[in-house]
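Peer 1:
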Amino acid sequence: MIDLTHDAHVHSTFSDGKHDVETNIGAAHAHGLASIGLVDHVRSDTTWVPDYVAAVRQSGKRAPVAVTCGVEAKILDPTGALDLPASLHGVDEILVADHQVPIGDGCDHPSRIRRFLETGHLEAAEVIGPLLEATARAAERYDAVIIAHLFSVLPKMGLDETAVCDDDIGVLGRRLAAAGARVEISERWQCPSPRVAAILAGEGVELIASTDSHRKETIGIYDYVAVVSRSLA
Ligand SMILES: [Zn+2]
Ligand SMILES: [Zn+2]
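Convert by adding 10 to the 1-based position in the sequence shown; the result is the number in our numbering.
1. List the residues that DSSP assigns as beta-bridge partners of P112.
2. Flag H119 as yes when its Cβ comes closer than 7 Å to any non-hydrogen atom of ligand 1, and as no otherwise.
3. Assess contact between the stretch 74 to 91 and the stretch 112 to 131, defined as three or more Cβ pairs (one per stretch) separated by less than 8 Å. Is contact present?
4. Based on Cα-Cα distance, which residue from A243, T221 and K226 lies nearest to Y234?
5. Can you give the Cα-Cα distance for R198 and I209, rounded to whole angstroms?
6. Check each candidate in E103, R184 and E128 and name the one with the smallest Cα separation from L142.
7. Would you mind listing the alpha helix (DSSP H) stretches within the stretch 50 to 125 that are 4+ residues and don't spill past its ends, in chain order?
8. May I ask which residues mark the beginning and end of the alpha helix (DSSP H) holding L242?
9. Nearest CA to the CA of G212: which residue from C201, L182 and S162?
10. If we ignore side chains and look at the alpha-carbon of each, how far apart do A189 and E150 end up?
11. Can you name, in chain order, every residue of its own chain whose Cβ lies under 6 Å from the Cβ of Y152, other than the five neighbours on each side?
12. Would you call the stretch 91 to 102 and the stretch 163 to 172 touching, i.e. three or more CB-CB distances under 8 Å?
13. Mind checking whether the beta-carbon of E82 lies closer than 7 Å to any heavy atom of ligand 2?
14. Can you list, in chain order, the residues of its chain whose CB lies under 7 Å from that of A38, leaving out five sequence neighbours each side?
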């Protein structure tokens with residue numbers, strides 16, 4: 011079962027969210043949550059992390075819910091390098107995002123990879139292998155990792171999760187569990203599936219609930235995540 015009184019992934023005005031940190035914390039409490047993970051998008055040139063950490067700490071001190079301070083960064087290549095600023099002082103967790111496709115010695119846009127797949131210039135296995143490897147290696151090379159919306163990039167490339175076999179998900183799960191990484195079940199992206207969630211949980215991976223909210227109204231509101239949670243019971 012997944013704790014539905016937590017929301018691991020809520021954006022604020024520090025990146026592309028509509029509401030500020032304080033408002034999001036208030037909404038989490040109003041929606042009956044016990045804890046919230048505040049998260050904003052960073053890149054290597056992001057300079058506002060110290061201000062963000064200070065704002066989260068300030069609002070978190072007097073909050074009626076438990077608050078953590080996270081950043082979301084995209085995977086840059088199959089070695090699991092992330093697009094992170096040099097200092098993450100005060101940040102509690104890193105959300106690893108498959109916003110692009112790790113391949114070769116870098117990453118590429120899913121729409122471009124989709125064309126390569128459609129024209130036969132690439133096989134599905136040639137993109138899924140590096141994606142799995144990058145995901146595992148990101149968890150191994152950084153501390154306090156949460157894998158965000160696992161496999162959300164597959165539909166953008168015209169693929170779906172059925173292209174990833176149980177054995178490969180099992181291997182990924184073992185590596186994530188050994189690294190202490192958690193995996194979110196994403197309300198926004200409706201992934202990973204109950205099949206993948208069950209395999210990961212079976213390998214000892216902690217699954218956590220997330221909405222990837224960009225506005226206060228959707229924080230902690232679960233439909234898909236509740237279905238996945240019940241499927242694990
Ligand atoms: Zn994302
Ligand atoms: Zn996000």
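For each residue, glycine too, the CB sits at the ideal point set by N, CA and C.
All figures in this text were calculated on a predicted structure; none of them were measured in a lab.
Peer 2: According to the structure shown:
1. For P112, which the question treats as bridged, DSSP gives the partners C117.
2. Distances from the CB of H119 to the heavy atoms of ligand 1 are all 7 Å or more.
3. yes
4. T221
5. 21 Å
6. R184
7. 59 to 71
8. Y234 to L242
9. Ranking the options by Cα distance to G212, first place goes to L182.
10. 5 Å
11. I104
12. no
13. yes
14. Hits under 7 Å: D17, I46, V75, I229 and G230.
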